[in-house]
Amino acid sequence: MSEGPRRQPNEVGRWDAEAIADNLARPESAGQIFILKGVTASHVHRDAPQLRGALDKHGLPLFILDPTGAAGTGTKFLDILNDYVRVADQRGRLSDDARHLFEFVSSASDQTQSGHFPAAGGNLYADTLCRLWTSLSKGLPAVLLVLNAQHCPPSELKALDHLSSFFFADPIEQLTPELDAIEKGQGRLVYLEGADAIPVDLEHVPTTTIDLSEAAEESVREFLADPAVVRRFIESTGGDPRRLGELVESLPEDVENFWLFRYDRLERLERTLINVLAVAAEPILVDTLHSALSLLQASEFFARSLRHLTELGFVERKIGAGTVRVHIESPEFARAVIDTLEQDTRREIHQALADAELANDNSEASAAFLARHCLAAGNVAAGLKYGKRAAKRLISRRDYDQAQDLLESLLEFSERDEDSREIHAQLIEVHSALGNHRKALAHCSKLQKLVDDEQALARLNCQTGQLLIRIGEYDSATDRFVKAADLTAQNPELREIWIEAKLGEGEAMFSQGRHQAAEERALEVLEQIEEARQLDTRDRHHLDMSLLHARNLIGKVTVLRGECQKGRELFVKNRTLAAEWGWDDEVARAEANLGLVCLQEKDFSEALDRLERAREIARSPAAIPRAYVFLNLGIVHQRKGRYEEALRHYLEGLRASRQEGAEASYGLAAYNLVTLYQDIGAFERALSIIDHLEERQEGDETTHFVGTLPTAVLGSILLDQRKYEEALEVFARLTDADDESTASSLPVREALLRSVEAHLALGQKKAAERIVEEFELPEKEARQPQLDALYELARILIAIEDGDYEPALTSGREAAERAHGAGHTRDALRLSFAVARALRENDRPEEARALLERELQELKGRAADIPVAHRGDFFSVPLHQDLVTVVRELKGEVPEEFDIEHDDAPEEDAKSNTVDAQDPAFKRWRSRYGDIVGEDPRLHQLFRIIDRVAESDSPVLLQGESGTGKELMAEAVHTHSKRTSGPFVKVNCAAFVEDLLLSELFGHVKGAFTGAVSEKVGRFELADGGTIFLDEIGDISAKTQVALLRVLQEGTFEKVGGTETQQVDVRVVCATNKNLEEMVKRGEFRLDLYYRLKGVVMEVPALRQRRQDIPRLVAHFARVYAGGRQPKQFSKDVLKFLASYSWPGNIRELQNFVKSILLFVEGETVEMSHVQEFSEFFADGEVDFELPEIDYEVELEEYEEVGETYEDPEEALVEQIIAEGLSLASIKKRLELESIRRALIETGGNITRAAEILQMKRPRLSQIVNSTDELLALKKELVG
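Heads up, the sequence shown is in my numbering, so the first residue is 1 and it goes up one at a time.
Here's what the structure looks like:
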């Protein structure tokens, strides 16, 4: 398999357990994949105890997966997980999530045999095992070392491939990076690279190579130094130095050839025994081996040969319950042996093994073994006979992966149609069970050419149709079901197939959005079922199952049509009937459908309960598609404003869809993920997922339902962004569709109504009116809440445009409440705006203010559950900003979270996420942060967050690695706040023990403890009126946490040893390089304190995440340490190297390096030769030469001087006084009057609020205004 980008190799060179463990234990190694090369599996097994001990020192358990079972390792991933759970439990690190997953996996393993759970090889099987590994690794990171991967059965390879591709680098998780820290495991996965390529797809997965090439030579040297080996050398050469020298010279250099060298010197009978084991390619019973050797005339001295080869390390025994099996210890050596054998010899051995197995009558495992060796020996008839028998047994045991391999090998030898039909039919079943729907369809196509019976052809068409539904090809599926129905319509004996075909056709139509046609097919089936009941009562089982499916289909249609009560009645009947038959899966399906009813009725709590109950009842994942359940659970949480929970469920829905191969449900889950990001204002993220969806749909002619959703939501997002012309262009792509089913679909009808707002904003009133006049709203009972809200909004907006406010006053408020109840918050807010505008126009400003204040409070409540990374986006949504502006205009109360300003920050380009550095507006804004060096977009984003939050008093939590500049960010928060004239006090919490830290923070009274010879003022008291910066907050003790919580909640504290309560007004900014959320889970940090501190969370990026800033930082530090002289330059090669280094110590480490190297460079330029002298400086990090585009010829922007190029107010004032010859008294009077004038304008003539702004007594301000004609006239004009 091809591999993804390889990081720079870690040069260990030889086997050094401590060095390897140190490599794997680095924090940056968490969640990474490593390739171990240069050693053999046997070498690793031999030295595994040392490696295990070295890793244990770092708290990392080692688990070894080896399918050959060497040295007592786990042969299956599930075995490893059993051990992992046991170790985690013993260490008290087993989370509830991991425990529940393990219980599920354990019970599922039992249910596999009874058909209630997909067996090994299925996507769900692989995904569940990998999720358990990931969950375990969050609580107890571990190392999984995989040896002899090429010998893993397909099920194990699938699990490993799944773990590598989806849990170490899952493309789906890129859609929801907010959950990355939550979802991603912390374990390390290590593959041993042998002679064969690693049979796992690592093409898109970054890997790191650990090269141990010297270890192989060391292994040979150790072998040769063994006294027994030396003795045999001397014996074989008679002690002759010349012959001994020749023998040593002939020794091979590598380990594999060394084994062959030893093999060539064995006796003939011993070599034959090894040949048989090599060809067997799996551990075999000793009896089978002996029988095979007898057939080959090579069983003489069998026991002695086997014992001798075991002692030499060629053969290994596996002792089980009542059995002894043997195999070659080194897989590489076994393959090398096979390569030396002639084809006839191999065939002879295959035949001997088959005959030996038959002679021993080992029926339990013989069929597959016999098939493989018979076919390899050229006995095709016997191979097919045993192979088909083995395949049936494997399928019955749901061991699909092995069945697939066996059947595909049989197909190569199948010449008779009868055999081919049977094999293709079995492969369809196998691939369907594994979720490989397209492969199953390929075999359907091949089987169709071999089938000439109408009944079999009809069944095949139904089977094909169901597979086509799974991959979202509904038109083709409909065609297949129609063909099946036509083949069986005239034959009463085939009524069962006809019913299946009609129901399948209905399901395909339902998925296309053709709900009425789907209902008609289901009603046809109900008629046939009733007729069949009257003719024959014996087949009630099949008829009742068909009845359930028909009613399910009708129920789904009625619910989507708005007839929820009718749908509920049908699903309740289904639940009762299924319970009578004991069909748990159908009971679960009915519960899930009842959950859908509750969702449509907006009873979200009941919907959640029913959907979760459905998951508990279902005995098999196939009963109700997991993607469907996760999707609806996500919708419920989204409507309830639980955005993080919704994100999780949509992510699971995407994964489940991928596992099930269900393109339609994947599209629906991704679409709902887009709407969620739209709800929280993360428009760029939403647009990236739309791009992802459209890429997946390329070449798909489907334009209905799922196909229309990305386009519809794109137009809606553009509307939210006030990009009206672009929104109309997108909407037109939907509304101009020729296909009738597309034009009448819900997404298209909603798009049509949304376009009304865009038309009105662009002054196209007639176009807006035409849409509303021609729009046909469904009957009341069949309306969709969102469609209803949009229609009311369109009607009200047009009326307001005409100066008619009555519709808004009469129906707008009620429509807004209905939209809120349905969870459509954006449409509800638009309606409330319209109502508020009507109220203001009708001289009812108090009611308008109260209405919009409620909306603002509702937004505030929703913001609490929005991922921190997107809260700024949420507050910045134009609609939300409009709400803040109007509430302010109405003199209403604006929550602190929304009391932010954005005017100073320049807009970034929506696509490139960059700004024009030469833009004067950008320079003015950037100069506010002149002390912080760097132009990475991540820095700019932090500056924008500071812009928004600096003026509030909310606590700020800075998260990031040590040395990233968190203190500078804290100073920036203080500098740009209203507290900038107050003190900025810094405390390094990690620098003090508990009692001293309490004294440092809150002070102490004289005699409070030994050494307290005088009273001390604490840092909080010193910071009164300003800001306190608590660095390393994650290191404070439980006692300090309690004291800090109190001062945050109440603003009060007592000094250590004192009783007097003191009050302070301090803003708290904290910083940590620890994961406080994980510390809360472990009970190491108080939850209530954590929530207090995380008012605003800012993630400060590590230096390796902003490599493009490294040349700029180097130039900055060079200038700092130049001491006023011309700073030294750094060559481009040096800058490239520095940019490629990982800098575990971040900016602080880079600063130390620049300072150090400049002391030893005499010339004007720092070259690579100078850097190489400091090679040890870079021992703790890694070098990654796959760099982003970096400008190495930077010029430091003098932002700190930009502000000086603009007129300084104080300087300007002095210049004006001198130029105009003004006295200080006159200029003071002029400033006073101008300040009052501006305050009156700002407050609309409100004397009380103007006095608050000017910090004057109200009577004094009133006196000045009333005695100044200009101000009095202004007040009357403003107040009216």
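C-beta: ideal position from N, C-alpha, C; glycine also.
Reducing DSSP to helix, strand and coil, say where residue i ends up.
{"i": "A391", "result": "helix"}
{"i": "R888", "result": "helix"}
{"i": "E601", "result": "coil"}
{"i": "M1098", "result": "strand"}
{"i": "C130", "result": "helix"}
{"i": "F992", "result": "coil"}
{"i": "A1071", "result": "strand"}
{"i": "E645", "result": "helix"}
{"i": "D1031", "result": "strand"}
{"i": "R26", "result": "coil"}
{"i": "V949", "result": "helix"}
{"i": "Q959", "result": "strand"}
If you draw a straight line from the C-alpha of residue i to the C-alpha of residue j, how long is it?
{"i": "F1178", "j": "A828", "result": "57 Å"}
{"i": "V886", "j": "Q941", "result": "27 Å"}
{"i": "Y628", "j": "F1137", "result": "50 Å"}
{"i": "F314", "j": "Y263", "result": "9 Å"}
{"i": "E1182", "j": "G139", "result": "26 Å"}
{"i": "L831", "j": "G812", "result": "6 Å"}
{"i": "A17", "j": "S330", "result": "22 Å"}
{"i": "L65", "j": "V326", "result": "19 Å"}
{"i": "L467", "j": "K37", "result": "43 Å"}
{"i": "E616", "j": "A1038", "result": "40 Å"}
{"i": "E1084", "j": "Q1041", "result": "10 Å"}
{"i": "L1261", "j": "E896", "result": "28 Å"}
{"i": "L1231", "j": "R1019", "result": "38 Å"}
{"i": "L863", "j": "G963", "result": "A quick correction: the sequence has Ala, not Leu, at residue 863. Going by the C-alpha atoms only, they are around 31 Å apart."}
{"i": "H974", "j": "G1123", "result": "29 Å"}
Spatial neighbours of residue i within its chain, please: CB distance less than 6 Å, with the 5 preceding and 5 following residues excluded, ordered by chain position.
{"i": "L633", "result": "L611 and H649"}
{"i": "H820", "result": "A828"}
{"i": "A159", "result": "F77, A126 and L129"}
{"i": "I932", "result": "L968"}
{"i": "E586", "result": "L548 and A578"}
Quick one: what's residue i bridged to in DSSP?
{"i": "I284", "result": "V326"}
{"i": "H1004", "result": "K1016 and V1056"}
{"i": "V315", "result": "I328"}
{"i": "D486", "result": "Answer is none; D486 lacks a bridge partner."}
{"i": "E193", "result": "K37"}
{"i": "V987", "result": "L1030"}
{"i": "V1183", "result": "Y1141"}
{"i": "R188", "result": "V143"}
Use the C-beta contact count for residue i: other C-beta atoms within 10 angstroms, 16 or more gives buried, fewer gives exposed.
{"i": "L1030", "result": "buried"}
{"i": "D419", "result": "buried"}
{"i": "P61", "result": "buried"}
{"i": "Q463", "result": "buried"}
{"i": "L312", "result": "exposed"}
{"i": "S1175", "result": "exposed"}
{"i": "S999", "result": "buried"}
{"i": "A120", "result": "Low confidence applies here, because A120 scores a pLDDT of 47, under 50, leaving its location unreliable and the question unanswered by this model."}
{"i": "S511", "result": "buried"}
Ordered along the chain, which non-local residues of its own chain (more than five positions away) have a Cβ less than 8 Å from that of residue i?
{"i": "I529", "result": "I499, L543, S546, L547 and A550"}
{"i": "V1265", "result": "I1236, L1240, I1247, L1271, L1272 and K1275"}
{"i": "L450", "result": "D417, S420, R421 and H424"}
Looking at the C-beta of residue i, does it have a partner C-beta in chain B at a distance below 9 Å?
{"i": "R514", "result": "Judged by its chain identifiers, the structure shown contains no chain B, having just a single protein chain."}
Leaving aside the five residues before and after residue i along the sequence, list all residues of the same chain whose C-beta is less than 7 Å from its C-beta, in chain order.
{"i": "V1068", "result": "P955, I1028, L1030 and L1048"}
{"i": "L132", "result": "L81, A98, L101, F102 and V105"}
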